[in-house]
Amino acid sequence: MLRPLIMLGLLALNCAASADPIHKCTSGGKITYSSEPCTAGRATRLDALPDAPAPDADAANALQRQKALLATLQKERAGSDARQAQAARDAARINRAAARRQADCARMQQKQQKEHKRLAAEAAKVGGQGKIERELDAQAMARAVDAACSS
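Written as structure tokens, this is what we have:
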């Protein structure tokens, strides 16, 4: 598909570059184009386009300024894209760390509950001073877990 379009474009450039007129011939409902005058049917002469105007110096300068602006904007966008990618990586790292902290906290709380039950059972058996010591141990563990999980 691309090759015929390229050939057609080159042919159009070649035709436009030549100064010879083009003849459009209509015969029997069919239209043909030729560099020779028509032999039969209705003929229309199509003159070549006039030469292109000389390039404008101001337009060339404006084009250079626009190219420089485009390069600057592309650099800024690349920097912005890099900053956004870094921010996304940082956010993912922070989220992973928070998930690890939550999992650690949940494990600590489960361990604390088991230890609290064990200390309560021992305190019930021992009684007196041993009971108070085990309750203090359970409270100290609960404070440690609260401190670890609150930050």
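Residue numbers (mature numbering (1 follows the signal peptide of the UniProt record, and there is no 0)): -19 to -1, 1 to 132.
Backbone N, C-alpha and C define an ideal beta-carbon position, used for all residues, glycine too.
| query | result |
| --- | --- |
| Nearest by alpha-carbon distance to residue 129: which of 87, 68, 48 is it? | 87 |
| Within the same chain, show all residues whose beta-carbon is closer than 6 Å to that of residue 119, passing over the 5 residues directly before and after it, in chain order. | 97, 100 |
| What are the boundary residues of the alpha helix (DSSP H) that residue 8 is part of? | Segment 3 to 8 is the beta strand (DSSP E) holding residue 8; no alpha helix (DSSP H) there. |
| For the beta strand (DSSP E) containing residue 13, name the first residue and the last one. | 11 to 15 |
| Is it right to say residue 64 is buried, meaning 16 or more other beta carbons lie within 10 angstroms of its own, or is it exposed? | exposed |
| Would you mind stating whether residue 126 and residue 67 have Cβ atoms separated by less than 8 Å? | no |
| Can the beta-carbon of residue 121 be found less than 8 Å from the beta-carbon of residue 112? | no |
| Need the endpoints of the alpha helix (DSSP H) that residue 86 sits in, please. | 38 to 107 |
| Does the beta-carbon of residue 82 have 16 or more other beta-carbons within 10 angstroms, so that it is buried, or is it exposed? | exposed |
| Using the C-alpha atoms, what's the distance from residue 50 back to residue 37? | 20 Å |
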